[in-house]
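Trainee:
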Amino acid sequence: MNSYPHISINKKHLSHNMHEILTRCTRSHVKVTGIIKGCNGHEEIAKLMLESGCESLGSSRITHLKALKRAAFECDTWLVRTPMISEVNELVKYVDVSLNSEESVLEAIHTACKMHKKNHQVVLMIEMGDLREGIFDQVKLEEMVDKIESQWTTLQLIGVGTNLGCYGSIRPTVEKMHALIEIAEKVERQIGRKLKYISGSATSSLPLIFKDTMPERINHLRLGESLLINKDLPLYHNMKLDTLYEDTMRIKAEIIEIKEKPTYPYGVISVDAFGNTPVYEDRGIRKRAILALGRQDISDHEKLMPMDPEVFIYGSSSDHLIVDITDSKEPYQVGDVMSFDMFYQAMLQAFLNQEMPILFE
Ligand SMILES: *Cc1c(COP(=O)(O)O)cnc(C)c1O
Numbered sequence: 001m002n003s004y005p006h007i008s009i010n011k012k013h014l015s016h017n018m019h020e021i022l023t024r025c026t027r028s029h030v031k032v033t034g035i036i037k038g039c040n041g042h043e044e045i046a047k048l049m050l051e052s053g054c055e056s057l058g059s060s061r062i063t064h065l066k067a068l069k070r071a072a073f074e075c076d077t078w079l080v081r082t083p084m085i086s087e088v089n090e091l092v093k094y095v096d097v098s099l100n101s102e103e104s105v106l107e108a109i110h111t112a113c114k115m116h117k118k119n120h121q122v123v124l125m126i127e128m129g130d131l132r133e134g135i136f137d138q139v140k141l142e143e144m145v146d147k148i149e150s151q152w153t154t155l156q157l158i159g160v161g162t163n164l165g166c167y168g169s170i171r172p173t174v175e176k177m178h179a180l181i182e183i184a185e186k187v188e189r190q191i192g193r194k195l196k197y198i199s200g201s202a203t204s205s206l207p208l209i210f211k212d213t214m215p216e217r218i219n220h221l222r223l224g225e226s227l228l229i230n231k232d233l234p235l236y237h238n239m240k241l242d243t244l245y246e247d248t249m250r251i252k253a254e255i256i257e258i259k260e261k262p263t264y265p266y267g268v269i270s271v272d273a274f275g276n277t278p279v280y281e282d283r284g285i286r287k288r289a290i291l292a293l294g295r296q297d298i299s300d301h302e303k304l305m306p307m308d309p310e311v312f313i314y315g316s317s318s319d320h321l322i323v324d325i326t327d328s329k330e331p332y333q334v335g336d337v338m339s340f341d342m343f344y345q346a347m348l349q350a351f352l353n354q355e356m357p358i359l360f361e
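Throughout the sequence shown, residue numbering follows UniProt numbering, covering 1 to 361 in sequence.
Below, the structure written as C-alpha cells:
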C-alpha cells in the first residue's frame, strides 16, 4: 500500500535522460559535475549521475557531500556555493573542490587545511554579469591567484568558472564564454600552466553544447536541473530534445474532498493563509477536488502541472491543493490519486520534505 503524497521516479527513463545529456557533453569534451542539491543529495540519484557519466558530484551544502563520502562514493566532491568561513573545517574534510570568490575564505581554508593536514582544490569564480558570486576586479583576481600560488600552499588552483542565469537572468552566450576563456588564459599566463577546468556555468549553458557552438576551451559544466528534471531547456531555452523522456519524476497525491462549489469566495475578503489576497475569478459553480498536498510539500502550486490536461489548479494552502475537475474525462472519487509534473522549485521542496516517500519504479 503506497502512502501519499509521494515522489515517483522512473529510474530507467531518468537514467536514459542523464545518459543522453552527458553523452553530448562528452562529445564536446566537456566534463560534468552532477549537482545534487535539487534532490536533497539523494544518494540513489547521485549514483545514477555517476553511472551516466558525471565525473564528480557537487552541491551547495556540505551535508550532502559529507553523506557521499560517508557512503564511500569514490568521485571528487564539489562545493558549488562559496564556503562559509564557519564551515571550512567540514569543507576540507569532506570536499575536494570548492568554488571561491573571497580572499578571507581562501585564507581560512588554507588554515583549516594545515590543521587537518589536507590539500584543497580551488576554482575561482568570475563575475560575468549575472551579479551573484564572482570576482569582479581583474587586479583583485591577479592578487588572489598570486596568493594561492605562493602563500596558501595547501590550495591548488585548478580552474576558473562563472555562474550565469541564476540571479540576473543573464543568458550564457558564445560571447560570454569567450570572455571567460580570455580571463582564464590571462590566469594561465600568470601561473605558467594550463588550468584543468574552465567551467562554463550550469544547465542554462547546455544549449551551446546541443547547438555545437560551445567554444572549445570550455571543458566543464555543473549540471543539476537538466539531469534531474529537465524542464528549463524546453521551456525557457526553446531546446526540446526528442530523445528525452518527459515522465522521469512525478508527485502523486490523494483526493480528500470532491464537491461542487462556487469559485468566488463569499463573505468579507481579507487575507489567505500566507497573508496575501489573491485575485479570485468568478467562474460560477464548478466541480472541485481537494488533494492532500500543500505548499509545505511543493512550495508553490504554480510550479506543478497536472498530468490530466483537463484539470487545472485553483490554489493551495500549507496542506491543501484545490483543483478544478469539471471538464475532466476521469470519474474522480475521493481516495483516487492524481499525478503532477514538477518544476525545479516544487521538486526541491518535495525532496526536502522528510516525510515524503521517494519511490523508484
Ligand atoms: C545550483 C548550481 C549549479 C547547477 O545549476 P542548474 O541550473 O541546476 O544546472 C551550478 N553552479 C552553481 C554555482 C550552482 O549554485
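Glycine residues also receive a C-beta, built at the ideal position from the N, C-alpha and C atoms. These numbers come from a predicted model, not from an experiment.
1. Are N163 and D130 close, meaning C-beta to C-beta below 9 Å?
2. Less than 9 Å between CB atoms is the rule here; does R189 satisfy it with respect to chain D?
3. Where do the ends of the alpha helix (DSSP H) carrying K37 lie?
4. Look at the Cβ atom of I7, then the Cβ atom of F351, and state whether they are nearer than 9 Å.
5. Please classify L180: does DSSP put it in a helix, a strand, or coil?
6. Shorter than 8 Å, the distance from the beta carbon of Y344 to the closest heavy atom of ligand 1, or not?
7. State the CB to CB distance for the pair G161 and Y197, rounded to an integer number of angstroms; the pair is presumed to be in contact (CB under 8 Å).
8. Got a sec, what are the start and stop residues for the alpha helix (DSSP H) D282 sits in?
9. Heavy atom of ligand 1 less than 8 Å from the Cβ of residue 363, yes or no?
10. Roughly how many whole angstroms lie between the Cα atoms of M249 and S15?
11. Tell me whether S52 counts as near ligand 1, meaning its Cβ is closer than 8 Å to at least one heavy atom of that ligand.
12. At a cut-off of 8 Å, would you count R283 as near ligand 1, judging by its Cβ distance to the nearest heavy atom?
13. Going by beta-carbon coordinates alone, are I325 and D308 separated by less than 9 Å?
14. On the DSSP bridge list, what partners appear for H120?
15. With DSSP run on the structure shown, which of helix, strand or coil describes A346?
16. In the DSSP output, which residue or residues are listed as bridge partners for F340?
17. In angstroms, rounded to a whole number, what distance separates the CA positions of M214 and M49?
18. DSSP three-state call for Y197: helix, strand or coil?
19. Please classify H220: does DSSP put it in a helix, a strand, or coil?
20. In the DSSP assignment, find the unbroken beta strand (DSSP E) run with D324 in it and report its ends.
21. Between T82 and the rest of its own chain, which residues show a CB-CB distance below 8 Å, the 5 nearest in sequence each way excluded?
22. Here's the rule: buried if 16 or more other CB atoms are within 10 angstroms of the residue's CB, otherwise exposed. What is R70?
23. Given a threshold of 16 other Cβ atoms within 10 Å of its Cβ, counted over all protein chains shown, does K252 qualify as buried or as exposed?
24. To the nearest angstrom, how far is it from the Cα of S299 to the Cα of P5?
25. Any idea which residues DSSP pairs A289 with across the strands?
26. Would you report the Cα separation of H220 and I35, rounded to the nearest angstrom?
27. Between G58 and R222, which are expected to be in contact by the criterion C-beta below 8 Å, what is the C-beta distance as a whole number of angstroms?
28. Could you check which residue in L195, T153, A202, M144 has the C-alpha nearest to that of I170?
29. So what's T77 in DSSP terms, helix, strand or just coil?
30. Could you work out which residue in Q345, P207, C113, V337 is closest to N2 when comparing CA atoms only?
31. What whole-angstrom Cβ distance do L291 and V334 have, given they're in contact under 8 Å?
32. Identify every residue that forms a DSSP beta bridge with L228.
33. Any idea what DSSP makes of F360, helix, strand or coil?
Mentor: Let me spell this out:
1. yes
2. Protein chains in the displayed structure number just one, and chain D is not present.
3. No alpha helix (DSSP H) holds K37; DSSP gives it neither H nor E.
4. yes
5. helix
6. yes
7. 7 Å
8. Where D282 is concerned, there is no enclosing alpha helix (DSSP H), given that its DSSP letter is neither H nor E.
9. The structure shown has nothing for residue 363, since the chain only spans 1 to 361.
10. 12 Å
11. no
12. no
13. yes
14. L155
15. helix
16. I251, P306
17. 22 Å
18. strand
19. strand
20. 321 to 324
21. S98, L99, N100, S101, E102, V105, M125, E133
22. exposed
23. buried
24. 14 Å
25. I258, V323
26. 13 Å
27. 6 Å
28. A202
29. strand
30. V337
31. Not really, about 10 Å apart at Cβ, beyond 8 Å.
32. Per DSSP, none; premise fails for L228.
33. strand
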